[in-house]
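For the protein sequence lines, the chains are H and R, in the order given. For the first sequence, the numbering used here assigns the number -13 to the initial residue and increments by one for each residue that follows. For the second sequence, the numbering used here assigns the number 4 to the initial residue and increments by one for each residue that follows. Ideal Cβ positions, reconstructed from N, Cα and C, are used throughout, including at glycine. Owing to the predicted nature of the structure, the values given are computational and were not obtained by experimental measurement. Here the structure is laid out as structure tokens; the discussion comes afterwards.
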Amino acid sequence: MQAFARLLDALSFQPARNAKLRLIETYLKETPDPDRGWALAALTGGLDFPAAKPALLRGFGQERIGEELFAMSYDYVGDLAETLALVWETDPAAGPPPTLGEVVETLQRATRTQTPAILKRWLDALDSTGRWALLKLLTGALRVGVSARLAKQAAANIGSQPVDAVEEVWHGLEAPYRPLFDWLLNDAPQPRSNAGGAFMPAMLANPIDRAELDTLDPAHFRAEWKWDGIRVQVAASGGVKRLYSRAGEDVSNAFPDIIEAIDFEGVFDGELLVRRETAVAPFNDLQQRLNRKTVTPKMLREHPAHVRLYDVLWLAGEDLRGLSFDERRARLEAWIAEKERPRFDLSPLVSFTDWTHLAQQREEMRADGIEGLMLKRGDSTYLAGRPKGPWFKWKRDPMLADCVLMYAQRGHGKRSSFYSDYTFGCWRDGAEGKRELAPVGKAYFGFTDEELRWLDKWVRDHTTNRFGPVREVEQKLVLEVAFDGIARSTRHKSGVAMRFPRISRIRTDKPAAEADTVDNLLRLLP
Amino acid sequence: MTTDTLNPRSWLYPTPRGLYCEPGDFYVDPAVAVGRAVITHGHGDHARPGHRAALATPETLAIMRTRFQDMPDTVQQPLKYGESVRIGDVDVGFAPAGHILGSAQAVLAFKGQRIVVSGDYKRRPDATCPPFEPVPCDVFITEATFALPVFHHPSDAGEIGKLLRSVATFPERTHLVGVYALGKCQRVIKLLRAAGWDKRIWLHGGLLSLCKLYQDHGVDLGDVAPVSDAILETFKGAIVLCPPSAIADRWSRRFADPIAAVCSGWMGVRARARQRGAELPLIISDHADWPELTQTLKDVGAPRVWVTHGREEALVHYARGIGIDAEALHLAGREDEES
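Below, the structure is given as structure tokens:
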């Protein structure tokens, strides 16, 4: 546990990706099984035990040093787990600190009533970094800036394997992943992939614009709509049925309607959508279904999920990734024609004669649920990652609105001293016919570092009111906001919500009174 | 020792210029230039230039001469630990404070009442100065820089181990270690030596004169050299010490993909360490942490405690809880940030 704690501690302060990788690699090489496997599970979000409640931690702290001193301490530190880790004193008589394996295996077995006593014993035995790591593990939020993908990359690196080779076998494995380390470090054979519903690393596209298209030969490319949902992989074999995000995260639990509808074996690449009758629902509707541990029958009824298929990677025991796109497409079309499956359909190809023709279709297609076009070379094999050349995404141009800055909030991490989160509004008629601003969105990117410094200063110089980390500012700075879509929303005062808003320009040249109105935005609704 | 009728505040009290001792007509660590000053140690928020007369340990006076161009206009009166001198109606003595080279607690006695102005202090071993000596007294004036129960400075050896482990993990990079020029710098060098690091340690120009002073006082720093002397040196795998401000300075661009380590007691709190931009925070402090502060109140056994610069509130709360008559004492010119 101490070694794992030192790793988390070092990761939490290290901003650079390569340095993070080196730290994880060193840890994985130096730490014996099963601890390194549990660590990998923790970093990839694969550990699950009943979370400790904040009240438990606060109670521990108050018991130790009294209510007043604990309150002063928490007020100073600002993080409950860290405060408790710091105020608790190591007891030299407590014996050796637990190993990570011991912690994980004990917690998985322990009942809720047993946990506090076990926890106290460990807090006594660990040092403050160890306590911090333990409490972070228990409260379910490591927040050390490591994605599951990065952790897998580090694991792959210690065995000089590409990360996709690890992704490929990942879902056939369980923590603490002994066969994985035997393969990576001890010359054991690669664990079997697709033993049952394993993930096949996704192929991704690079963005392209109209000008770049002219350097490409349209005859080499196939076009299809880029649906505005979530890219997924449907994987079923050996009785195992799973739905993965494009990063390989298993999201089956949130979509039992899809899982139930799988009556086949195969691995398919597609877009997850909410579909009513024949119409694709706005992205907002899909969002309701995400990140849920349990799904209510009402949710299933009102937000039915659907997968629109783009590609087939594995079928009837055969890996098809080495075939060309055209060949895979023929297999996919034949498979679809075999049997009607209401939860699955085929994403159609868009036929075109030249780029101008395609551009015209892209312009005309204002239907909701379409983000733009995908362009795929007919001869492209299915490669993991984002290879340059075979696949492109040509997104619809963003919508733009001139909005007025209303509030700014300090950011996090590197930006903690900058006002970097901006809430902006558009005009509407308020009470007594007076024009007023209604907030229409919030954005925290799109600007350069230099613009951020400028905005930060502007906010500080034009503050009219403060609410904790939030400042209200004079209503005079116009921001051009770009966004990918707009939907009605009952949660926003203005009645509309922007999709993926970002600051595209600072309009110091434009008077605030000339910014857009809420009515202007409503006209953009699909 | 105690005279019940004498109010200690009647002969030692804070003024805008600093803590003033009336029957001796002198200030302790004044914030501005005064006629007569008693100086506990050489840090900038305690030792200032321009006094007509200054009483301090010989080491502290040497530090002040190094920092203030020899101080030709100040009458310098050295007083060793354990010795005592009478100023006006007050007996003034020094006891080691364990903070940095030459650091002392000022022990003031008047009409049988004794007040100890401890200045800055710590209780753990430091190879560059003698350890803190508890002096029984009627009033103990304590600092409170790290006076919250969250401050438990870990072992120095463990923190230096963190640095050496990082050097081993990233052998192709330079480790830039931000240290305060007086005290922290030399202590970190001694800790590195004790941990077995016998390679050359590189120094920023701003650290040279005080390192030389420590060496002249018999503190062996091993092989140290200024960065500016380096010829054909890539600094890969090297440890370079510099003032914390130099890490973000253009000066640091000469090094190989540097890792910013910062040595300070504040590094124990993550948000503070991030604010300072530390990639490798090392919790090494020359100030007492919470257990040391509370232990010191017990060791000194003073019935009254005045708490100054830092988080007075928590220490006052604690002291009252164990039956000490404690209050906060607000002194001019104390900086909270260095440690």
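The three-state secondary structure of Tyr217 (chain R), taken from DSSP, is helix.
Contact between the segment 284 to 297 of chain H and the segment 328 to 339 of chain H is present: 3 or more CB-CB pairs across the two stretches fall below 8 Å. Straight through space, the alpha carbons of Asp61 (chain H) and Arg127 (chain R) are spaced by roughly 28 Å.
Counting of Cβ neighbours within 10 angstroms places Ile325 (chain R) among the exposed residues, the total staying below 16. Asp141 (chain R) sits close to Ala305 (chain R), with the two beta carbons spaced by under 8 Å. A distance below 8 Å separates the beta carbons of Glu62 (chain R) and Gly105 (chain R). Counting only unbroken stretches of 3 or more residues, the beta strand (DSSP E) elements lying wholly within the segment 77 to 108 of chain R are 78 to 81, 87 to 90, 93 to 99, in sequence order. Here Pro174 (chain R) is exposed, its C-beta having fewer than 16 other C-beta atoms within 10 Å. DSSP places Gln116 (chain R) within a strand segment (E or B) once states are collapsed to three. Chain-order list of chain H residues neighbouring Ala274 (chain R): Val63, Gly64, Asp65, Glu68, Ser402, by C-beta distance under 9 Å. Using a Cβ distance threshold of 8 Å, Leu244 (chain R) and Leu206 (chain R) count as a contacting pair. Counting the other CB atoms within 10 Å of its CB gives Pro99 (chain R) a total of 16 or more, which places it among the buried residues. At a cut-off of 8 Å between beta carbons, His290 (chain R) makes no contact with chain H. Residues of the segment 404 to 427 of chain H with a C-beta less than 8 Å from any C-beta of chain R: none at all. Secondary-structure assignment with DSSP links Asn451 (chain H) through a beta bridge to H:Glu458.
Sequence-ordered contacts of the segment 305 to 322 of chain R with chain H read Arg314, Glu316, Ala317, His320, Tyr321 [C-beta pairs closer than 8 Å]. Shown here for Phe35 (chain H): same chain residues with a beta carbon closer than 6 Å to its own, the five before and five after excluded, namely Leu93, Gln94 in chain order. Trp205 (chain R) carries a strand assignment under DSSP once its states are collapsed to helix, strand and coil. Per the Cβ contact rule, the segment 189 to 203 of chain H is in contact with the segment 371 to 383 of chain H (3 or more Cβ pairs under 8 Å). Close to chain H, meaning a Cβ-Cβ distance shorter than 7 Å, are the following residues of the segment 131 to 162 of chain R: Leu151, Pro152, Val153, His155, Pro157. Residue range 187 to 197 is occupied by the alpha helix (DSSP H) that includes Lys187 (chain R). Of all residues in the segment 37 to 57 of chain H, only Ile51, Glu54, Leu55 come within less than 7 Å of chain R when Cβ atoms are compared, listed by chain position. Contact annotation: Ser169 (chain R) and His155 (chain R) have beta-carbon atoms that are not nearer than 8 Å.
The contact set of Thr172 (chain R) on chain H, defined by CB atoms closer than 7 Å, consists of Arg8, Leu9, Thr12 in chain order.
Counting only runs of 4 or more residues that sit fully inside the segment 5 to 72 of chain R, the alpha helix (DSSP H) segments are 61 to 70, in chain order. Short of 6 Å from the beta carbon of Asp442 (chain H), and not among the five residues preceding or following it, lie these beta carbons of its own chain, in chain order: Phe404, Tyr405. The alpha carbon of Arg203 (chain R) has as its nearest neighbour, out of R:Ser288, R:Pro229, R:Val272, the alpha carbon of R:Pro229. Gly313 (chain R) has its alpha-carbon roughly 12 Å from the corresponding atom of Trp293 (chain R). In the displayed model, Thr280 (chain H) falls within coil according to three-state DSSP, outside both helix and strand.
Here Ala112 (chain R) has Asp94 as same chain residues with Cβ atoms under 6 Å from its own Cβ, once five neighbours each way along the sequence are excluded. Across the set H:Ile322, H:Leu259, H:Glu257, the C-alpha of H:Ile322 shows the shortest separation from the C-alpha of Phe250 (chain H). Each of H:Leu386, H:Ile244, H:Lys284 was checked against the Cα of Arg294 (chain H), and the nearest Cα belongs to H:Ile244. Counting the other CB atoms within 10 Å of its CB gives Arg372 (chain H) a total below 16, which places it among the exposed residues. If you compare the alpha carbons of H:Trp413, H:Thr339, H:Trp444 with that of Cys389 (chain H), the shortest gap goes to H:Trp413. Here the C-alpha atom of Thr60 (chain R) lies approximately 25 Å from the C-alpha atom of Leu194 (chain R). About 5 Å separates the beta carbon of Thr409 (chain H) from that of Lys428 (chain H), a gap short enough to meet the 8 Å contact definition.
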